[in-house]
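**Q** Read left to right, the sequence shown gives residues 95 to 366 (our numbering). Idealized CB from N, CA, C, for every residue including glycine. Keep in mind it's a predicted model, so treat the numbers as computed, not measured.
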Amino acid sequence: MRSDAGRSPAAPQASPAEAALAVVDVCKSFGHVQALTDVSLSAYPGQVLALFGDNGAGKSTLMKIMCGALQPDTGTIRVGDYEAPGLSIQRAQSLGIQAVYQDLSLAPHLMVLENMFLGHELYRSRWPGFLHVLDRRRMAMETVEALERISIRLPSVHVPVMKLSGGQRQAVAVARAVRWARRAVLMDEPTAALGRVQSDLVVDTIRATARANLAVVVVSHDIPRMLEVADQVAVMRHGRIVAHGSAADFTLARIVGLMVGEESRTAPRDER
Ligand SMILES: Nc1ncnc2c1ncn2[C@@H]1O[C@H](COP(=O)(O)OP(=O)(O)O)[C@@H](O)[C@H]1O
Ligand SMILES: [Mg+2]
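1) Give the list of continuous beta strand (DSSP E) stretches no shorter than 3 residues that lie fully inside the segment 236-308.
2) For the candidate residues V127, A309, I317, V266, whose alpha-carbon lies nearest to that of V238?
3) I'd like to check one pair, T285 with R319: are the Cβ atoms closer than 8 angstroms?
4) Taking Cβ positions, are F146 and I349 nearer each other than 8 angstroms?
5) Would R305 be called buried (16 or more neighbouring beta carbons within 10 Å of its own) or exposed?
6) Span of the beta strand (DSSP E) holding G204?
7) Quick test of your reading: D282 and Y195, contact by CB under 8 angstroms. State the CB separation rounded to the nearest angstrom.
8) Along the chain, where does the beta strand (DSSP E) containing Q326 start, and where does it finish?
9) Just to confirm before moving on: does the CB-CB distance between V268 and I244 stay below 8 angstroms?
10) How long is the line joining the alpha carbons of T155 and S314, rounded to whole angstroms?
11) Specify which residues have a beta carbon nearer than 7 angstroms to any heavy atom of ligand 2, listing them in chain order.
12) Excluding sequence positions up to five away, which residues of its chain have a Cβ less than 7 angstroms from the Cβ of L308?
13) A328 and L135: beta carbons closer than 8 angstroms?
14) Name the residue from H203, E208, I300, G150 whose alpha carbon lies nearest to the alpha carbon of P193.
15) Quick one: what's got a C-beta closer than 6 angstroms to Q107's C-beta in the same chain, skipping five residues either side?
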């Protein structure tokens with residue numbers, strides 16, 4: 095049994111007005127499966143919010159609602175002054191929210207710089223009637239800058255993405271999200287299927303993303319590694335947030351206890 099009666103634990107410190115992105119009392123079901131029940135969660139600029147939960151807890155559903163890939167059945171989403179019952183992907187992007195998907199949605203045969211500007215290509219002439227020429231020099235320069243912004247160094251931005259390691263690819267996907275995000279970057283399992291060294295690279299990019307004053311929401315099974323970078327922690331179980339607070343108040347044992355429903359034995363109180 096959960097100890098906090100389930101409804102919308104309040105955001106721990108800052109007021110909702112300061113959140114970069116907030117969901118309030120969100121419910122979502124798929125047929126008979128209640129994927130999310132009364133979920134309220136806020137992400138703050140410059141902070142990493144780590145979201146933990148067992149398989150099927152509702153983490154990906156929540157992330158998809160926050161990036162506009164799914165609409166909630168009930169509840170509200172707030173992004174800055176914008177408040178609505180849901181977002182489209184286009185709306186989320188125009189509000190400055192970018193997601194890094196598990197399949198990365200990079201085009202493997204295209205170069206790093208082409209991937210960085212996929213759908214945002216820069217042209218040297220925008221005059222109607224003239225030939226539009228891709229401004230590759232500027233795109234290359236801006237790609238290097240975008241990578242540097244999150245401390246990534248690649249041998250070249252002119253190599254096809256498929257020549258990169260898994261960690262480098264993940265870093266490029268994050269760099270692209272950071273390049274186009276103005277408020278929040280959402281990452282669902284960014285270290286899944288990566289080795290230790292490559293995961294370290296991704297963790298560094300998460301840290302650097304928050305330093306760029308973006309809100310970062312990250313879902314991961316790698317609890318110890320995420321605790322190294324998280325400012326806030328939220329734990330989900332059976333579609334509900336069962337605990338939410340400052341990362342300093344969470345240990346691996348407490349998080350695992352909350353995930354499997356033993357929180358009353360591992361922590362004195364979840365609500366503050
Ligand atoms: N498109 C879908 N259709 C039907 N059920 C879904 C769909 N997406 C998720 N679910 C169900 O919703 C619940 C939460 O899933 P999900 O958000 O993917 O959990 P998590 O990411 O925490 O593993 C699970 O029971 C899952 O089977
Ligand atoms: Mg998932």
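**A** In brief:
1) 278-282
2) V266
3) yes
4) yes
5) exposed
6) Going by the sequence as given, residue 204 is Leu instead of Gly. Here L204 belongs to no beta strand (DSSP E), and DSSP marks it neither H nor E.
7) 7 angstroms
8) 326-331
9) yes
10) 14 angstroms
11) K153, S154, D282, E283, V313
12) P139, V272, A275, R277, A278, V279
13) yes
14) Note that residue 193 is Ala in the sequence shown, not Pro. Considering only alpha carbons, the answer is I300.
15) In this prediction, Q107 has a pLDDT of 47, which is less than 50 and means its spatial position is unreliable; nothing more can be read from the coordinates.
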